[in-house]
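Protein chains: 4
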Amino acid sequence: MTAERQRTGIGRLLISCPDRPGIVAAVSRFLFEQGANIVHSDQHSTDPEGGRFFMRVEFALAGLAQRLPELERRFAPVARRFGMEWRFSDAERVKRLAVFVSKAEHCLLELLWRVRSGDLRAEIALVISNHPLLRETVECWGNGIPYHVVPVTPETKAEAERRQMELLGDDIDLIVLARYMQILSPAFVSRYRNRIINIHHSFLPAFAGPNPYEQAFARGVKLIGATAHYVTEELDAGPIIEQDVARVTHRDSVEDLRRIGRQIERAVLARAVAWHVEDRILLNGNKTVVFA
Amino acid sequence: MTAERQRTGIGRLLISCPDRPGIVAAVSRFLFEQGANIVHSDQHSTDPEGGRFFMRVEFALAGLAQRLPELERRFAPVARRFGMEWRFSDAERVKRLAVFVSKAEHCLLELLWRVRSGDLRAEIALVISNHPLLRETVECWGNGIPYHVVPVTPETKAEAERRQMELLGDDIDLIVLARYMQILSPAFVSRYRNRIINIHHSFLPAFAGPNPYEQAFARGVKLIGATAHYVTEELDAGPIIEQDVARVTHRDSVEDLRRIGRQIERAVLARAVAWHVEDRILLNGNKTVVFA
Amino acid sequence: MTAERQRTGIGRLLISCPDRPGIVAAVSRFLFEQGANIVHSDQHSTDPEGGRFFMRVEFALAGLAQRLPELERRFAPVARRFGMEWRFSDAERVKRLAVFVSKAEHCLLELLWRVRSGDLRAEIALVISNHPLLRETVECWGNGIPYHVVPVTPETKAEAERRQMELLGDDIDLIVLARYMQILSPAFVSRYRNRIINIHHSFLPAFAGPNPYEQAFARGVKLIGATAHYVTEELDAGPIIEQDVARVTHRDSVEDLRRIGRQIERAVLARAVAWHVEDRILLNGNKTVVFA
Amino acid sequence: MTAERQRTGIGRLLISCPDRPGIVAAVSRFLFEQGANIVHSDQHSTDPEGGRFFMRVEFALAGLAQRLPELERRFAPVARRFGMEWRFSDAERVKRLAVFVSKAEHCLLELLWRVRSGDLRAEIALVISNHPLLRETVECWGNGIPYHVVPVTPETKAEAERRQMELLGDDIDLIVLARYMQILSPAFVSRYRNRIINIHHSFLPAFAGPNPYEQAFARGVKLIGATAHYVTEELDAGPIIEQDVARVTHRDSVEDLRRIGRQIERAVLARAVAWHVEDRILLNGNKTVVFA
Numbered sequence: 000m001t002a003e004r005q006r007t008g009i010g011r012l013l014i015s016c017p018d019r020p021g022i023v024a025a026v027s028r029f030l031f032e033q034g035a036n037i038v039h040s041d042q043h044s045t046d047p048e049g050g051r052f053f054m055r056v057e058f059a060l061a062g063l064a065q066r067l068p069e070l071e072r073r074f075a076p077v078a079r080r081f082g083m084e085w086r087f088s089d090a091e092r093v094k095r096l097a098v099f100v101s102k103a104e105h106c107l108l109e110l111l112w113r114v115r116s117g118d119l120r121a122e123i124a125l126v127i128s129n130h131p132l133l134r135e136t137v138e139c140w141g142n143g144i145p146y147h148v149v150p151v152t153p154e155t156k157a158e159a160e161r162r163q164m165e166l167l168g169d170d171i172d173l174i175v176l177a178r179y180m181q182i183l184s185p186a187f188v189s190r191y192r193n194r195i196i197n198i199h200h201s202f203l204p205a206f207a208g209p210n211p212y213e214q215a216f217a218r219g220v221k222l223i224g225a226t227a228h229y230v231t232e233e234l235d236a237g238p239i240i241e242q243d244v245a246r247v248t249h250r251d252s253v254e255d256l257r258r259i260g261r262q263i264e265r266a267v268l269a270r271a272v273a274w275h276v277e278d279r280i281l282l283n284g285n286k287t288v289v290f291a
Numbered sequence: 000m001t002a003e004r005q006r007t008g009i010g011r012l013l014i015s016c017p018d019r020p021g022i023v024a025a026v027s028r029f030l031f032e033q034g035a036n037i038v039h040s041d042q043h044s045t046d047p048e049g050g051r052f053f054m055r056v057e058f059a060l061a062g063l064a065q066r067l068p069e070l071e072r073r074f075a076p077v078a079r080r081f082g083m084e085w086r087f088s089d090a091e092r093v094k095r096l097a098v099f100v101s102k103a104e105h106c107l108l109e110l111l112w113r114v115r116s117g118d119l120r121a122e123i124a125l126v127i128s129n130h131p132l133l134r135e136t137v138e139c140w141g142n143g144i145p146y147h148v149v150p151v152t153p154e155t156k157a158e159a160e161r162r163q164m165e166l167l168g169d170d171i172d173l174i175v176l177a178r179y180m181q182i183l184s185p186a187f188v189s190r191y192r193n194r195i196i197n198i199h200h201s202f203l204p205a206f207a208g209p210n211p212y213e214q215a216f217a218r219g220v221k222l223i224g225a226t227a228h229y230v231t232e233e234l235d236a237g238p239i240i241e242q243d244v245a246r247v248t249h250r251d252s253v254e255d256l257r258r259i260g261r262q263i264e265r266a267v268l269a270r271a272v273a274w275h276v277e278d279r280i281l282l283n284g285n286k287t288v289v290f291a
Numbered sequence: 000m001t002a003e004r005q006r007t008g009i010g011r012l013l014i015s016c017p018d019r020p021g022i023v024a025a026v027s028r029f030l031f032e033q034g035a036n037i038v039h040s041d042q043h044s045t046d047p048e049g050g051r052f053f054m055r056v057e058f059a060l061a062g063l064a065q066r067l068p069e070l071e072r073r074f075a076p077v078a079r080r081f082g083m084e085w086r087f088s089d090a091e092r093v094k095r096l097a098v099f100v101s102k103a104e105h106c107l108l109e110l111l112w113r114v115r116s117g118d119l120r121a122e123i124a125l126v127i128s129n130h131p132l133l134r135e136t137v138e139c140w141g142n143g144i145p146y147h148v149v150p151v152t153p154e155t156k157a158e159a160e161r162r163q164m165e166l167l168g169d170d171i172d173l174i175v176l177a178r179y180m181q182i183l184s185p186a187f188v189s190r191y192r193n194r195i196i197n198i199h200h201s202f203l204p205a206f207a208g209p210n211p212y213e214q215a216f217a218r219g220v221k222l223i224g225a226t227a228h229y230v231t232e233e234l235d236a237g238p239i240i241e242q243d244v245a246r247v248t249h250r251d252s253v254e255d256l257r258r259i260g261r262q263i264e265r266a267v268l269a270r271a272v273a274w275h276v277e278d279r280i281l282l283n284g285n286k287t288v289v290f291a
Numbered sequence: 000m001t002a003e004r005q006r007t008g009i010g011r012l013l014i015s016c017p018d019r020p021g022i023v024a025a026v027s028r029f030l031f032e033q034g035a036n037i038v039h040s041d042q043h044s045t046d047p048e049g050g051r052f053f054m055r056v057e058f059a060l061a062g063l064a065q066r067l068p069e070l071e072r073r074f075a076p077v078a079r080r081f082g083m084e085w086r087f088s089d090a091e092r093v094k095r096l097a098v099f100v101s102k103a104e105h106c107l108l109e110l111l112w113r114v115r116s117g118d119l120r121a122e123i124a125l126v127i128s129n130h131p132l133l134r135e136t137v138e139c140w141g142n143g144i145p146y147h148v149v150p151v152t153p154e155t156k157a158e159a160e161r162r163q164m165e166l167l168g169d170d171i172d173l174i175v176l177a178r179y180m181q182i183l184s185p186a187f188v189s190r191y192r193n194r195i196i197n198i199h200h201s202f203l204p205a206f207a208g209p210n211p212y213e214q215a216f217a218r219g220v221k222l223i224g225a226t227a228h229y230v231t232e233e234l235d236a237g238p239i240i241e242q243d244v245a246r247v248t249h250r251d252s253v254e255d256l257r258r259i260g261r262q263i264e265r266a267v268l269a270r271a272v273a274w275h276v277e278d279r280i281l282l283n284g285n286k287t288v289v290f291a
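In structure tokens:
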């Protein structure tokens, strides 16, 4: 127990507040006084004069797991003084993901592989789909990730979402829409606000909505892209986390764009999910601050 | 003279026609029979069954300059047989560019440098601007490129375009809008159809119209881009020739986006202009076939 | 049967010979006379004067499968006339791959996924490893790809390679070394000359040999890369097919380089294998001509 | 004067020392107590346990210019306590560059343009060349940058370097070798240690030494690159600051590689120079920490 109390853990502190002098001094002094050693620190100010300040600190602290509640209690007055939105997290707590899919498997496979390889430090707690198609894909990984089929029709949507919420329970850190082809209701979105990441298969804001590859082909663009963003009530308009593109030419058919695009989609989604899991993303209105 | 007749030149043949068997055989046989040696050849078919066929052939031929008219006469019946749009060009004829600018110099400078370094094999015949600002930039290059100031106001636009057409004369191969901040009239555009290239400072179709960097900043995209396209009557909607992007982060202000974007704009525009000058671009409706 | 005879197939003709006038005319005329319609054609000459000429033609032909032997017989005299190295292939014949692995699964998984998704049109006939570790990975795909363990030690290497050759049999089109950590003997390499592709985890020629990521970290490079190349007797010195890089920073440890590098390795290897399978690669001495 | 004393300036503090708890707290507290507001801060530790710690802080302070000596005096004891290498700088002091060139103008032009456009906040104090060739290029910019020709032969090298040092005088912040084709003596290098940046036209460590494009062409690489690094006594082996690459194909001749490479060289060099000028580069042995 004593040994355990002494085990050094890695903690994270995320802060967002109005910018003004003294914030870094106050935070770093607080951590120092708790015996924490700052391992990594990032900060950003939208404007030193009256802008907003964002900070992410990673620190090493003996007995972190046990001391988190005490840290939070002690930090509260500092936070109040600067009007901070803030949270501590234990880097060693493995976050639990729910992955929503339909029929396309590439994004799901990417997440499964990165979890397995350790590139993505998270647990895929369950997979929910409106189709049975990918059940075998999930089961063949053999580590017992449950695959739940929840059919969705316009009529049954409300009921389906109730069922999905049941399955999600209360301890899911992030919902990943890995090419999930259904639109979530505002009620669902608001319940999991800033905890739903979607991959859209275009370089937003270009080609929002359905069939982006057909749209891209019709316009004759020379690059196609993918965009990972937090889901909001407005379709494909949430805060952008990550984007990337690949070159295409006149030779590429719509089917080629899909094939090329799959590689971008899975890479972009995987990066966005990793950043969320590592507490690297802060929200600034409808934009993101990503301390990658 | 005889020696000159024998001088081997490089010619280009560009073809666009309905696809059907025998086109390549007929074209390559024709060139072979004329004594031409195919140096390079590219082709593309949108669909072997009832699609459109595009071809670009570069060939070496003794006495090319003198023999072009004869080649064209002899090729006409072949072209008729396949319903071809076609043209021959002499690769050694240096194309004449007119560059339109306003106050931003980076795209103009890029073109001046590339012509001087030989990376862009063309002649900048004149520069036309609605501002005197860049006169010195052009003159300091000392090779006597004329710089014409043609002020434009809503009232004088028609008169200004008449003046511009006078200055352009009849032997300009390409008009380059190098961050020219005026919109050309449909009459002007149609007179130089497929001979006006514009650089738009966004990844079209995202952020068309004014202030694309402000739009990109407001949306919080993670990549910014530039697009070179042929100018049509519809603003920023012409056939896309080339696009590229650069990564940006939450740290970048609108001014940073402009600074980063300048590098993309000049590179993208220079590539598009080079491809046009080298007869590498064919039009397929509102899209381009680029044999780069 | 008659119907089958008439079924239109896609064929490919690959040619390499000394450049001289008339090659394209002769080839395209030949194909036209056989009733073939050229669907796609690429060519390259290292120098129209006394250089080497490379060509890849894709053509549609009724009853291709049945007519290939006849095509080859008829083409022989044309080929002789120009001193061609040449071969026809039936695009619809699915090539058979043997994948060699050790303990790293990312490249193997990438190939399995791309075959399954149809992005890579090939059959993985067998997997050979010097370790049992990845047996489950292969079996979980359930489509019965055999996984053979052939341990290798300095003493047993010759015997191991005999065993590997037995397993490979006579109808393997390509051996893919998907992070296979053993060096093949010259005898083995020469038996499968130009049919073995290796992925090296550096931007060759930098960091050849063992531990490229450690080497890259020690040198402090700002980009790391991967290289897919044909295997020759000289280690990491064979013809390069494809390379790519990713950006790294001072923050990245050797372990980070490995993680980032895995993404490049699997993408570069998959592209190289696809190009080989689609007959897009021709050899020019120790360099490749890739008609991608 | 009082007004001037109150003018708020931007200062920078760069630190490098053995890592241990309390550094950030001590530094941020110090700055806070001086009335400075931290505008931006980056840090890096090679290893929290016994590694080396690097920090760059940008801060706003009233009357900075006048208060720098006092700041340094007051910070000295803090620095001593942690065994820091450190320096303060005034972000508003424009650094003075000396550019060394030979016959290639692209890198020089890039620097001239970026200074003029304000993308690079520095002053080009003089240009030194072993050839008269680029005199006109420099003079045409009309802002009076002196161009000095210092011929170099094996016999006269020592004398030439003495002349160069005279011309450089005592207040040059950075020497930029913008495709300067002479090797500097160890004596010269050690006098300006960590103040000479060279652009090498390959992706180091590949193709060090002369004719990298010929080497790249001979090896058949699919990407070519450029590397900006600090010059040390060992040729092309100094700390790498920045690298980038561009794709090439079998179609590209050595001359094409040079043309494509020029675009990479000038971009890579310009970024490296900007980072040096903005005090973003710290040295970690033979590697760089770049707080870009």
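Chains as they are written, first to last, in numbering that gives the first Met the number 0: chain A, 0 to 291; chain B, 0 to 291; chain C, 0 to 291; chain D, 0 to 291. C-beta: ideal position from N, C-alpha, C; glycine also.
CA-to-CA distance, residue j to residue i, given in whole angstroms
i                : j                 : result
methionine 0(B)  : serine 27(B)      : Residue confidence for methionine 0(B) is low, a pLDDT of 45 falling below 50, so the modelled location carries little weight; the figure read from the coordinates is stated next. Roughly 29 Å between the two C-alpha positions.
proline 145(A)   : glutamate 233(C)  : 49 Å
aspartate 41(A)  : arginine 279(A)   : 10 Å
alanine 217(D)   : histidine 199(C)  : 19 Å
glutamine 163(A) : isoleucine 127(A) : 8 Å
valine 175(C)    : leucine 256(C)    : 23 Å
glutamine 5(A)   : glycine 62(A)     : 5 Å
Cβ pair residue i, residue j closer than 8 Å
i                 : j                   : result
cysteine 16(D)    : glutamate 84(D)     : yes
glutamate 264(A)  : histidine 147(A)    : no
isoleucine 223(D) : alanine 245(D)      : yes
valine 23(A)      : isoleucine 14(D)    : no
alanine 215(D)    : phenylalanine 99(D) : no
valine 188(C)     : threonine 231(C)    : yes
aspartate 172(D)  : lysine 94(D)        : yes
arginine 55(A)    : aspartate 118(C)    : no
Neighbour-count burial assignment, residue i, 16 or more Cβ in a 10 Å radius
i                 : result
glycine 260(C)    : buried
isoleucine 351(A) : No answer is possible for residue 351(A): it lies beyond the span of chain A, which begins at 0 and ends at 291.
As assigned by DSSP and simplified to three states, the class of residue i
i                : result
glutamine 181(D) : coil
histidine 249(C) : coil
methionine 0(B)  : Note that methionine 0(B) scores 45 on pLDDT, short of 50, meaning its location in the model is unreliable; the coordinates nonetheless yield the value given after this. The answer is coil: DSSP assigns methionine 0(B) none of H, G, I, E or B.
Cβ distance (whole Å) where residue i is taken to contact residue j below 8 Å
i               : j              : result
glycine 21(B)   : leucine 60(B)  : Contact doesn't hold; Cβ gap of about 23 Å is too wide.
tyrosine 179(D) : serine 101(D)  : 6 Å
valine 276(C)   : alanine 121(C) : 5 Å
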